Each structure stands twice: as C-alpha cells, then as structure tokens.
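Engineer: Dumping the structure here so I can ask a few things about it.
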Amino acid sequence: MGEKLRLQFAKLQVEINDEKSRTVDLERGECFGFLGFEFRYFRGLSGAMRPHYTPKLKKRTALVRALKEVFRRHRSQPVERVINLINPMLRGWVNYFAVGHSSECFSFIKDWVEKKVRRHLAHAQKRKGFGWERWNRRWLYDTLGLFNAYRVRRDGPKVAPAG
Numbered sequence: 001m002g003e004k005l006r007l008q009f010a011k012l013q014v015e016i017n018d019e020k021s022r023t024v025d026l027e028r029g030e031c032f033g034f035l036g037f038e039f040r041y042f043r044g045l046s047g048a049m050r051p052h053y054t055p056k057l058k059k060r061t062a063l064v065r066a067l068k069e070v071f072r073r074h075r076s077q078p079v080e081r082v083i084n085l086i087n088p089m090l091r092g093w094v095n096y097f098a099v100g101h102s103s104e105c106f107s108f109i110k111d112w113v114e115k116k117v118r119r120h121l122a123h124a125q126k127r128k129g130f131g132w133e134r135w136n137r138r139w140l141y142d143t144l145g146l147f148n149a150y151r152v153r154r155d156g157p158k159v160a161p162a163g
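Going by the UniProt record's numbering, the letters in the sequence shown line up with residues 1 to 163, in that order.
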C-alpha cells in the first residue's frame, strides 16, 4: 500500500491489515468485497464502464439460512407469528443493502420468502403445492403484512455531518 495512503490513515487513527489489503485493478475485471458488497467495473447499457456493487452471495446465503431457521423452528406456529419474526430481519437486511445494484438480489429474496410463506400456509392446512392461486401476492402483503419495501435507494445513504 502507498506511503501517502498510510499517512492519511494514520492521521485518522485507522490501522490497515496488510494480510487482508491488496490493490485491485477494476479496469482488468478484478473485483473486491467490502462491508458485505462486491465491487466491480461493469459495462453499462451505453457501453461505458461504470462501477457496479451488489450484495455478496455469502451475505444473501446467510440471510436465507437465518430465515430458513425461523421457518423451521416455528413450523407449527401461525403464519402471522412467523411473519412478525421475519419482517424485522428482512427490513434490516434490505435497508443495509438498499444502495447500489441490489434489485436482482432483492427479487431473489422476495420470491424465496413468498414461496416459504405459501408453503407454511399449505402445510398448516395439510395441502400440497404452494397455493399460488389461493394466496396471491396482494393477499400476502396486504392481509398478512409481509414485508414489501424491496426498493433500492438511488440517492445514497443519508449521513449526518461529522463534528
């Protein structure tokens, strides 16, 4: 790492771990992970290269595992109770990753959660299948109150001024 950068970090009282730090050339297609995001350069629709950052697959997998555990532990509970447990988890995860290019990841999570809620309902009524027609999306979100604010912020996070 450059000496100028080390001096700047020393002024901020930040220590750099040399084992974890490396220089990455995004122009050559390399990527790096930082704070749960994966950063890379990506060719946009206009053909110009632009930064692209998405939630790491590892973070998405960790959320799915945590949600799966809630569904497993509360299999015999009413779906309203399960939704009350998973909504804060979803809200926190989505709020953290609501910057960048997260919409594809959000779509995966949203579809996965809907499928699990439908399966939970079907299991409670001793039915087979997923009940796509019986429990439509509007009913899941409006009646049951399932979390539905999967939106990416384009303006970036609001940060209070230092000092």
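Cβ coordinates follow ideal geometry from the N, Cα and C atoms, glycine included.
The structure presented is a predicted model; accordingly, all values stated were derived computationally and were not measured.
1) What does residue 33 pair with, by DSSP beta-bridge criteria?
2) When you compare only the Cα positions, how much space is there between residue 28 and residue 4?
3) Along the chain, where does the alpha helix (DSSP H) that runs through residue 123 open and close?
4) If distances are taken between C-alpha atoms only, which option among 146, 105 and 101 comes closest to residue 42?
5) Measure the C-alpha to C-alpha separation of residue 114 and residue 14 and round it to an integer number of angstroms.
6) Helix, strand or coil: how does DSSP classify residue 22 here?
7) Starting from residue 150, trace the alpha helix (DSSP H) in both directions and tell me its first and last residue.
8) To which residues of the same chain is residue 129 closer than 8 Å at the C-beta, ignoring the five residues directly before and after it?
9) For residue 139, count the other beta carbons within 10 Å of its own beta carbon; 16 or more makes it buried, fewer makes it exposed. Which is it?
10) For residue 50, list the residues DSSP reports as bridge partners.
11) Can you name, in chain order, every residue of its own chain whose Cβ lies under 8 Å from the Cβ of residue 74, other than the five neighbours on each side?
Structural biologist: Let's see:
1) Beta-bridge pairing links residue 33 to 38.
2) C-alpha separation (whole angstroms): 24 Å.
3) If you look at residue 123, you'll find it in the alpha helix (DSSP H) that goes 103-124.
4) Closest by alpha carbon: 101.
5) Just so you know, the alpha carbons of residue 114 and residue 14 end up roughly 43 Å apart.
6) Shown here, residue 22 sits in coil according to DSSP, grouped into three states, outside any helix or strand.
7) Segment: none, residue 150 is in no alpha helix (DSSP H) and carries neither H nor E.
8) The answer, listed in chain order, is 122.
9) Exposed.
10) BP columns for residue 50 point to 42.
11) These residues qualify, in order along the chain: 81, 82 and 85.
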